[in-house]
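I have placed the structure first, in the form of structure tokens, so that the comments after it can refer back to it.
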Amino acid sequence: SRLFELRKFKEEAKGEQRKESFLRIIDMLEAAHNGTGVVGLPSGYTDLDKILCGFRGGALYTIAARPGMGKSTLAMNIAEALAVKADVPVAFFSLEMSQDELNQRMLGSYSSINLQRFINHDYDKAERNRLLQVMAKKMPALNKAPVFINPRTDITINQIRAEARRMVRNNGIKAVFVDYLQLVGTR
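So the sequence shown is numbered by the working numbering: it starts at 4 and just counts up by one.
So this is what it looks like as structure tokens:
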């Protein structure tokens, strides 16, 4: 009889969880009805947002492609769109690049400047001066953006989980990016 009571309690709790799930679904559908069609976090890419309806909390999204196809750049651009344009706090764990490399990419992207061409002097001096002014104007917004970069090459999945939870608690992180999942250690 005690076992029956426990089972009954568990089934009631399951019913409550289901009810809460349907309430969340109704809220999401109302937001879709009244909003832009993006019910999660916007990616910064209209076509991707139309397919996914935005990134939803608690979901795992994986970017996969052959080497050199721009996976890291896409992830960084989405993180930039969330943090700079939508003011959404994001964490970015990079197992390949330093913080300077990631910030350089973000500066180039946000400024719409090909930094490789800038560094290689493919622009004349007057154009480089103009581009420096453009970047100088963009830097305050990038510096203020809630992007928390963790460039560790020796991190494990448990350390990522612990650090991500800490960042959620302390900084209100809404999205976590891990660049190069294959390099994550297991111990």
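Just so it is clear, CB atoms sit at the ideal spot from N, CA and C, and this is done for glycine as well.
Quick caveat, the model's predicted, so the values are computed rather than measured.
Check residue i in the structure and name its three-state DSSP category.
| i | result |
| --- | --- |
| I54 | helix |
| N173 | helix |
| T159 | strand |
| N117 | coil |
| S97 | strand |
Along the beta strand (DSSP E) that carries residue i, what are the first and last residues, could you check?
| i | result |
| --- | --- |
| A144 | No beta strand (DSSP E) holds A144; the alpha helix (DSSP H) holding it covers K128 to K147. |
| A178 | A178 to D182 |
| N123 | Unbroken run through N123: none, as it is neither H nor E. |
| V150 | V150 to N153 |
With a threshold of 16 other CB atoms inside 10 Å of the CB of residue i, please say whether the residue is buried or exposed.
| i | result |
| --- | --- |
| N153 | buried |
| F58 | buried |
| V1 | No statement about residue 1 is possible, as the shown extent of the chain runs from 4 to 190 and does not include it. |
| F96 | buried |
| L186 | exposed |
Would you mind stating whether residue i and residue j have Cβ atoms separated by less than 7 Å?
| i | j | result |
| --- | --- | --- |
| V93 | A82 | yes |
| P84 | G60 | Residue identity differs from the one stated: residue 84 is Ala in this sequence, not Pro. No, these two residues do not count as a Cβ contact at 7 Å. |
| A86 | V150 | yes |
| S75 | D182 | yes |
| T156 | L110 | no |
| L41 | M31 | Before going further, note that residue 41 is Val rather than Leu in the sequence given. Not in contact: V41 and M31 (Cβ atoms no closer than 7 Å). |
| A165 | V179 | no |
Output the boundary residues of the alpha helix (DSSP H) element that contains residue i.
| i | result |
| --- | --- |
| I66 | Careful: I66 lies outside any alpha helix (DSSP H) and carries neither H nor E. |
| S75 | K74 to E83 |
Within 7 Å of any Cβ in chain E, is that where the Cβ of residue i sits?
| i | result |
| --- | --- |
| E33 | The displayed structure is made up of one protein chain only, and chain E is not part of it. |
- Message: Between the segment 123 to 132 and the segment 57 to 76, can you find at least three pairs of beta-carbon atoms closer than 8 Å?
- Response: no
- Task: Could you say if the segment 141 to 159 and the segment 103 to 119 meet the contact criterion of at least three C-beta pairs nearer than 8 Å?
- Result: Verdict: yes, contact present.
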